[in-house]
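To convert, count from 1 in the sequence shown and add 3; that's our numbering.
These notes are about the structure you will find just below.
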Amino acid sequence: MTSEQHPARDGAGEAATYDVAAAEATWPQRWAELDLFTADDGSAKPTKYALTMFPYPSGDLHMGHAEVFALHDVIARYWRFRGYEVMDPIGWDSFGLPAENAAIRRDEHPATYTYANIETQAASMRRYGLAFDWSRRLHTSDPEYYRWTQWLFLRFREQGLAYRKNSAVNWCPVDQTVLANEQVVDGECERCGAVVTKRELTQWYFKITDYAQRLLDDLETVEDRWPRRVVNSQRNWIGRSEGAYVDFRVTGRDEPLRVYTTRPDTLYGATFMVVAADAPLARELVADEQRAAYEQYLEGVRSASDIDRLSTDRPKTGVDLGVTATNPLTGEDMPVWAADYVLADYGTGAIMAVPAHDQRDLDFARAFGLPVRRVVDTGEEDPAVSGVATSGDGTYVDSPLLEGLSDKTAGVAAAIDKLEADGLGERTVNFRLRDWLLSRQRFWGCPIPVVHCPTCGEVGVPDDQLPVELPELKGADLKPRGVSPLAAARDWVEVACPSCGGPAERDTDTMDTFVDSSWYFLRFTSPGYDEGPFDPEKLRRWGAVDQYVGGLEHAVLHLLYARFFTKVLHDMDMVDFVEPFDALLGQGVVINQGRKMSKSLGNGVDLGAMIDTYGVDAVRLTLVFASPPEDNIDWADMSPGSSQKFLQRAWRLAGDVTSEPGADPASGDRALRSVTHRTVREVEELVEGMRFNVVVARVMELVNTTRKAIDSGCGPADPAVREAVEVVTVLLSLVTPYVAEEMWATLGHGPSVAVAAWPVVDEALLVQESVTAVVQVKGKVRARLEVSPDISEADLEAAALAEVASYLEGATVRTVIVRAPKLVNIVV
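This is the structure:
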């Protein structure tokens with residue numbers, strides 16, 4: 004080949020470099036022309052569905068995007084090499100509060116801001132060299148998409164899974180909208196950080212609690228392929244507990260006061276009742292003479308967040324409701340109080356207080372002079388004296404039914420048996436999970452397809468009138484005001500009832516954006532389908548997502564909701580699987596200087612600037628090589644410059660190869676071929692195990708070995724060198740597509756390394772003829788032995804002792820540690 008074909012040998016030697024900017028300007032257009040990554044619905048190949056979590060168009064791509072996309076791309080490209088028809092789509096979760104808030108600040112329409120950001124991100128993704136199937140691109144804010152979001156809502160409603168009710172809800176005073184429980188983190192809005200308060204509103208809910216047990220049970224089917232942290236987070240959020248409902252007769256009330264408890268065995272220690280101050284039950288129970296005091300107390304409660312209310316450090320407050328309830332086991336009348344440390348949406352909104360064995364109950368009892376009675380002797384000081392509740396196991400005392408027992412399981416069972424026999428309670432299972440509140444009082448979301456008619460009530464919009472599109476609002480009309488901005492669009496709100504034809508009004512709330520992202524992975528299988536949310540045949544072909552990649556911060560919200568949607572659609576005979584994501588890779592986050600990046604800290608890292616300085620490949624390589632995918636990456640510790648230098652060294656290998664394409668490697672250097680084939684086999688195992696950082700390490704080792712072979716061993720004309728460099732090129736293309744394409748072209752191949760064949764491993768070359776065993780004496784290396792890979796420990800020890808005999812003269816060997824076939828450590 005000529006020097007033009009081998010630019011690295013054109014008199015520059017090790018100083019030669021490839022033109023990063025030129026490569027990045029050339030290859031995206033070439034990839035688009037070749038149409039390499041469009042999934043073929045009619046292919047006879049086995050299929051794989053690779054998916055990265057929906058990006059949100061809040062601005063250009065950032066370092067977090069860069070990491071997740073680089074990791075995801077390794078998987079999709081690897082599967083293509085291994086002979087699969089791969090669907091790797093991309094789209095945008097384009098409705099939502101951040102875009103709406105940003106648009107309001109800029110005095111823009113949310114659609115203008117959103118779609119401009121989408122185009123910016125799309126251009127950056129193409130530059131980043133991602134192997135997406137762009138033909139399946141979709142946006143959840145497109146009417147063509149949210150038509151089917153509305154259609155699914157109506158089907159859920161027909162199944163009794165979408166309903167409307169009045170209740171105390173989480174309210175964000177900054178974003179001026181309600182939030183689902185899952186969107187409140189440590190008492191604050193997960194979006195803006197404002198302290199969340201409570202408001203009573205009539206809202207739409209999905210009845211996710213109907214699926215609580217199945218959501219819990221089916222985690223067993225994915226727990227070996229999902230991060231343990233995610234599975235545990237879901238289990239904890241669903242929060243299954245076994246216990247009993249207990250009925251307490253209340254003076255002057257026919258209906259008993261029902262509470263849920265996991266410890267009915269401690270009923271003998273219950274000395275008062277507590278009802279959530281903001282629960283409707285409290286208003287029903289309060290005696291007339293206490294009503295004024297209760298209402299005054301309630302005003303203060305409404306301003307406190309749930310996290311504050313549940314704090315054990317907070318002073319206990321409450322008000323006596325002026326009624327009593329009868330303990331079903333002791334027959335005692337106990338006072339009923341309203342307090343803020345009980346939440347309205349926990350259980351029935353009321354508890355039996357057992358102050359000796361619950362610290363918050365004990366603090367409340369001490370604050371208001373209520374009785375404390377120990378009924379489980381744990382050997383610790385009596386809580387009535389110490390002020391410290393005892394919650395461990397022990398022996399039942401002052402409990403006639405259970406006296407002397409020390410088996411908690413038997414005690415719980417006996418207490419429930421007694422309650423059931425007397426008709427005062429029943430065994431039950433309870434869940435922490437609450438129904439999904441999906442209404443939002445904001446403009447930029449999917450309209451709820453329901454009409455409110457004074458005659459017919461709630462009427463679903465007919466399918467042939469979908470989508471219900473957002474009205475044209477702009478400027479001040481878009482600003483949040485405590486009710487949805489849609490309410491001001493009277494021409495849009497006022498419609499004829501689809502049922503009776505009389506005057507009616509549209510529902511003016513929009514849906515939580517998590518509704519949009521709970522089914523998008525299904526739409527990707529047939530994004531242009533017009534007869535339903537997805538084509539059933541194409542969904543059957545592609546099935547559930549084989550590998551999902553995204554942030555661990557979605558451990559509850561998105562993943563739980565997507566699982567719920569999938570199970571509902573399975574029950575409606577619309578999908579064949581019950582779990583949406585067969586495998587999940589949750590990557591860590593990119594931080595800087597030990598902290599999360601933020602403008603206020605001044606430690607942000609601009610992805611575009613990094614790419615401009617070092618190139619796409621160097622950034623991708625740095626992120627993949629930095630750590631295992633699930634670990635956090637501190638960019639302050641990273642060296643993209645070193646990655647850039649390595650890639651130049653790898654590129655120079657291609658220019659040094661002088662054998663022709665197709666040269667038979669069997670005639671080449673066996674030692675180099677052995678390293679090459681072992682590297683391929685190990686990379687296969689490492690990619691399957693998601694150990695991408697080690698993949699990079701193995702490629703680096705192969706580059707070094709090949710360089711030594713060229714410079715001091717078999718030389719650049721050896722076919723084994725070509726084989727090694729071609730393997731380096733294919734393996735690098737998993738992480739660094741630009742330099743791999745440049746190397747592939749230099750090696751005389753086309754049209755793209757992305758369609759090259761995966762290297763076939765010769766099993767005979769995996770057998771190592773010898774291994775270097777290191778021999779240490781007193782921690783110092785004193786010899787290296789070339790030994791058989793299957794040498795026994797005894798033979799290796801004997802050979803090592805013989806080799807270092809001169810170092811052992813006059814010494815007593817205490818211990819010989821043998822790790823065949825690579826290490827012998829002699830302690831003298």
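We treat Cβ as the ideally placed atom computed from N, Cα and C, and that holds for glycine.
When you compare the CB positions of Val277 and Ala353, do they come within less than 9 Å of one another, or not?
By one-based count along the sequence shown, residue 277 stands at place 274. By one-based count along the sequence shown, residue 353 stands at place 350. Yes; because the gap between Cβ atoms is below 9 Å, this pair is in contact.
Thr2 versus Asp609: straight-line alpha-carbon distance, rounded
In the structure as shown, the chain starts at 4 and stops at 831, and residue 2 therefore has no counterpart that could be examined.
I'd like to know if the region 46-55 and the region 63-77 are in contact, where contact means that at least 3 CB-CB pairs between them fall below 8 Å.
yes
Take Gly372 and list the residues in its own chain whose beta-carbon comes closer than 7 Å to its own, dropping the five residues that flank it on each side.
In the sequence shown, residue 372 corresponds to position 369, counting from 1. Excluding residues within five positions, none has a Cβ falling inside 7 Å.
Given Glu497 as reference, the closest of Pro488, Leu489, Arg509 once Cα atoms are compared:
In the sequence shown, counting from the first residue as 1, residue 497 sits at position 494. Of the listed residues, the one whose Cα sits closest to Glu497 is Arg509.
Which residue comes first and which comes last in the alpha helix (DSSP H) that contains Trp902?
Residue 902 falls outside the range modelled here, since the chain spans only 4 to 831, and no answer is possible.
Report yes if the CB atom of Asp538 is closer than 9 Å to the CB atom of Leu157, and no otherwise.
Taking the sequence shown and counting its residues from 1, the one referred to as residue 538 is at position 535. Taking the sequence shown and counting its residues from 1, the one referred to as residue 157 is at position 154. No. Outside cutoff.
Please classify Lys570 as buried or exposed, where buried requires at least 16 neighbouring CB atoms within 10 angstroms.
In the sequence shown, counting from the first residue as 1, residue 570 sits at position 567. Lys570 should be labelled buried.
N-terminal and C-terminal residue of the beta strand (DSSP E) that Phe209 is part of:
In the sequence shown, the residue the question calls residue 209 occupies position 206. Segment 200-209, the beta strand (DSSP E) holding Phe209.
Quick check: what's the CA-CA separation for Tyr532 versus His573?
Mapped onto the sequence shown, residue 532 falls at position 529. Mapped onto the sequence shown, residue 573 falls at position 570. Answer to the nearest angstrom: the Cα atoms are 19 Å apart.
Is Lys319 helix, strand or coil by DSSP?
The sequence position of residue 319 within the sequence shown is 316, counting from 1. Coil, per DSSP.
If you check the beta carbons only, do Leu260 and Leu222 fall under 9 Å apart?
One-based indexing of the sequence shown puts residue 260 at position 257. One-based indexing of the sequence shown puts residue 222 at position 219. No, these two residues do not count as a Cβ contact at 9 Å.
Take Met337 as the anchor and find which of Ser487, Pro358, Thr320 has the nearest alpha-carbon.
On the sequence shown, residue 337 is found 334 positions in, with the first residue counted as 1. Nearest of Ser487, Pro358, Thr320 to Met337, Cα basis: Pro358.
Check the DSSP bridge columns for Ile354 and list the partner residues they point to.
Indexing the sequence shown from 1 puts residue 354 at position 351. DSSP, once it has assigned bridges, lists Val277 as partnering Ile354.
Rounded to whole angstroms, what is the Cα-Cα separation between Glu789 and Ala823?
Locating residue 789 in the sequence shown gives position 786, counting from the first residue. Locating residue 823 in the sequence shown gives position 820, counting from the first residue. So the two alpha carbons sit approximately 12 Å from each other.
In whole angstroms, what is the alpha-carbon distance linking Ser170 and Gly86?
Working through the sequence shown from its first residue, we reach residue 170 at position 167. Working through the sequence shown from its first residue, we reach residue 86 at position 83. Going by the C-alpha atoms only, they are around 54 Å apart.
Decide if Gly16 is buried, meaning its Cβ has at least 16 other Cβ atoms within 10 Å, or exposed.
If you number the sequence shown from 1, residue 16 lands on position 13. With a pLDDT of 44 at Gly16, under the threshold of 50, the modelled position of this residue cannot be trusted; read the value that follows with caution. Exposed: under 16 other Cβ atoms inside 10 Å.
Determine the DSSP secondary structure at Ser442, reduced to helix, strand or coil.
Taking the sequence shown and counting its residues from 1, one reaches residue 442 at position 439. In the structure shown, Ser442 sits in a strand (DSSP, three-state: E or B).
Considering only their Cβ atoms, is the gap separating Ala342 from Phe367 smaller than 9 Å?
Counting from 1 along the sequence shown, the entry for residue 367 is found at position 364. Counting from 1 along the sequence shown, the entry for residue 342 is found at position 339. By the CB criterion at 9 Å, Phe367 and Ala342 fall inside the cutoff.
Supposed contact pair Val821 and Glu1 - C-beta distance, whole angstroms, cut 8 Å
With the chain running from 4 to 831 in the structure shown, residue 1 is simply not present.
In angstroms, rounded to a whole number, what distance separates the CA positions of Asp38 and Trp747?
Along the sequence shown, read from residue 1 onward, the residue named residue 38 stands at position 35. Along the sequence shown, read from residue 1 onward, the residue named residue 747 stands at position 744. Computed Cα separation, rounded: 18 Å.
Which runs of the alpha helix (DSSP H) fall wholly inside the region 756-810 and span at least 4 residues, in chain order?
796-806
Does DSSP put Asp221 in a helix, in a strand, or in coil?
Taking the sequence shown and counting its residues from 1, one reaches residue 221 at position 218. It is helical.
Unbroken beta strand (DSSP E) runs of length 3 or more, entirely within the region 363-448: which are they?
428-434
Return the CA-CA distance between Ala723 and Val731, expressed in angstroms with no decimal places.
Looking up residue 723 in the sequence shown gives position 720. Looking up residue 731 in the sequence shown gives position 728. Distance between the alpha carbons of Ala723 and Val731 is about 12 Å.
Where Leu624 and Ser646 are concerned, what is the direct C-alpha to C-alpha distance, given to the nearest angstrom?
Position 621 of the sequence shown, counted from the start, is the residue given in the question as residue 624. Position 643 of the sequence shown, counted from the start, is the residue given in the question as residue 646. In a straight line, the C-alpha of Leu624 is about 6 Å away from that of Ser646.
Which class does Ala15 belong to by DSSP, given the choice of helix, strand or coil?
In the sequence shown, residue 15 corresponds to position 12, counting from 1. Note that Ala15 scores 39 on pLDDT, short of 50, meaning its location in the model is unreliable and no value can be drawn from it.
For Leu750, collect the residues of the same chain with a Cβ closer than 8 Å to its Cβ; drop the 5 residues on either side in sequence, then sort them by chain order.
Stepping through the sequence shown from its first residue, residue 750 is reached at position 747. Closer than 8 Å at the Cβ level, and outside the excluded window around Leu750, lie Ala657, Val660, Pro664, Arg725, Val728, Glu729, Thr732.
Do the region 320-334 and the region 265-273 touch if we need at least three Cβ pairs shorter than 8 Å?
yes
In angstroms, rounded to a whole number, what distance separates the CA positions of Gln444 and Arg655?
Position 441 of the sequence shown, counted from the first residue, corresponds to residue 444. Position 652 of the sequence shown, counted from the first residue, corresponds to residue 655. Spanning the two alpha carbons is a distance of roughly 59 Å.
Checking the sheet assignment: what are the DSSP bridge partners for Tyr166?
As a position in the sequence shown, residue 166 is number 163, starting the count at 1. In the DSSP output, where bridge partners are listed per residue, Tyr166 has Tyr208.
Quick check on the burial criterion: 16 or more other C-beta atoms within 10 angstroms. Buried or exposed for Met575?
Working through the sequence shown from its first residue, we reach residue 575 at position 572. Classification of Met575: exposed, given that the 10 Å Cβ count is below 16.
Quick check: Gly597 and Glu633, are their CB atoms within less than 9 Å of each other?
For the purposes of this step, residue 597 is taken as the residue at position 594 of the sequence shown. For the purposes of this step, residue 633 is taken as the residue at position 630 of the sequence shown. Taking 9 Å as the Cβ cut-off, Gly597 and Glu633 do not qualify as a contacting pair.
Going by Cα to Cα distance, which pick from Arg243, Ala629, Lys648, Glu383 is closest to Asp640?
To locate residue 640, count along the sequence shown from 1; it is residue 637. The candidate whose alpha carbon is nearest that of Asp640 is Ala629.
DSSP three-state call for Phe580: helix, strand or coil?
For this step, residue 580 is matched to residue 577 along the sequence shown. Of the three classes helix, strand and coil, the one that applies to Phe580 here is coil, per DSSP.
Determine the burial state of Val375: buried for a count of at least 16 other Cβ atoms within 10 Å of its Cβ, exposed for fewer.
Looking up residue 375 in the sequence shown gives position 372. Residue burial is scored here from C-beta neighbours: Val375 has at least 16 other C-beta atoms within 10 angstroms and is therefore classed as buried.
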